Amino acid sequence: MTDEPEVAAEPEVDVAAAPEPDAATAADVVEEAEAIVERAPLPVVAAHNLGLRTGRGWVFRDVTLAVHPGELICVTGPAASGRSSLLLALAGRFTTNHGTLTLPKRHWKHLALGYVPGVHEPEPALTVGEHFRERRVLLGRKGEPTVDRTLARDLSPLQRHVLCLELALLGRPRLIVVDDVDAALTADEQAAFWAMLREVADSGIAVVAASREPSPVADHVLTLTKEK
């Protein structure tokens, strides 16, 4: 009879003694969440239940939002829904009387206006170059003179938007507000200007822009309603 080979017995494993994978405790989760919050940038501007009421009724009401660096926010709504007033309030240029609005210190330096019809527009009798020279003087900055002798009155609606945006950028603001992005612009011009605003936001500057229709490149859309 042939002897069968001996089979080595498998070692017994003490299951209870085997180390278990590390499990995240509730304290670990809380600590990680707090670290994420600390790393997140603070909003440039924050509004809570913000509103403006006059003797004729509400201009806008119950607006709550936080605008962070690098965000592009689109404010939409019908005519007389308070879009322009809200933009000016977020830029520290308009007084509200309901809710709270938190602005950065020296907000006049950090919050800038782009094109806002009837409020902030190019001076018709000045050339493009004169606009840049005047802006640099106000900012106390030097730079190569802009030779463009086109009068502002001769600029197209898109060119007026672009000029005001470029002038605002000279001040290196933290936030820029722009009104009526889709007024008097063709569909292609609207797309081109929204792309410019997206590029500005991607550079780290917050942008709040108003239009009748929402933009597909915006990070958030805030829709206002016409108050009765």
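Residue numbers (my numbering): 17 to 244.
For each residue, glycine too, the CB sits at the ideal point set by N, CA and C.
Since this is a predicted model, take the numbers as computed values, not measurements.
Decide if residue i is buried, meaning its Cβ has at least 16 other Cβ atoms within 10 Å, or exposed.
i, result
"His126", "buried"
"Arg99", "buried"
"Ser227", "buried"
"Trp210", "buried"
"Lys242", "exposed"
"Glu2", "Because the chain here runs from 17 to 244, residue 2 falls outside it and cannot be looked at."
"Ser231", "buried"
"Leu238", "buried"
Under the three-state reduction of DSSP, which class applies to residue i: helix, strand or coil?
i, result
"Leu171", "coil"
"Asp204", "helix"
"His236", "strand"
"Pro189", "coil"
"Arg3", "No answer is possible for residue 3: it lies beyond the span of the chain, which begins at 17 and ends at 244."
"Val216", "helix"
"Val223", "strand"
"Leu58", "coil"
"Ala211", "helix"
"Val197", "coil"
Excluding five sequence neighbours on each side, which residues of the same chain lie with their C-beta closer than 6 Å to the C-beta of residue i?
i, result
"Ala96", "Lys242"
Counting only the same chain and skipping the five closest in sequence on each side, list residues whose C-beta sits under 8 Å from that of residue i.
i, result
"Pro140", "Leu167, Ala168, Arg169"
Between residue i and the rest of its own chain, which residues show a CB-CB distance below 7 Å, the 5 nearest in sequence each way excluded?
i, result
"Asp78", "Asn65, Gly67"
"Pro14", "Absent from the model: residue 14. The displayed extent of the chain is 17 to 244, so no value can be given."
My parser needs the alpha helix (DSSP H) runs of 4 or more residues fully inside the segment 122 to 166; what are they? The segment 122 to 166 contains these whole alpha helix (DSSP H) runs: 123 to 126, 144 to 155.
Taking three-plus beta-carbon pairs below 8 Å as touching, is the segment 142 to 157 in contact with the segment 104 to 112? Judged by pairs of C-beta atoms under 8 Å, the segment 142 to 157 does not touch the segment 104 to 112, as fewer than three such pairs exist.
Three or more beta-carbon pairs under 8 Å between the segment 184 to 192 and the segment 128 to 140, yes or no? As far as the Cβ criterion goes, the segment 184 to 192 touches the segment 128 to 140, which means the pair count is three or higher.
Quick one: any contact between the segment 165 to 179 and the segment 114 to 126, if contact means 3 or more CB pairs under 8 Å? As far as the Cβ criterion goes, the segment 165 to 179 does not touch the segment 114 to 126, which means the pair count is below three.
Could you tell me which uninterrupted beta strand (DSSP E) segments, each at least 3 residues in length, are contained entirely in the segment 73 to 128, listed from first to last along the chain? As far as the segment 73 to 128 is concerned, its whole beta strand (DSSP E) runs of at least 3 residues are 73 to 83, 88 to 92, 114 to 118.
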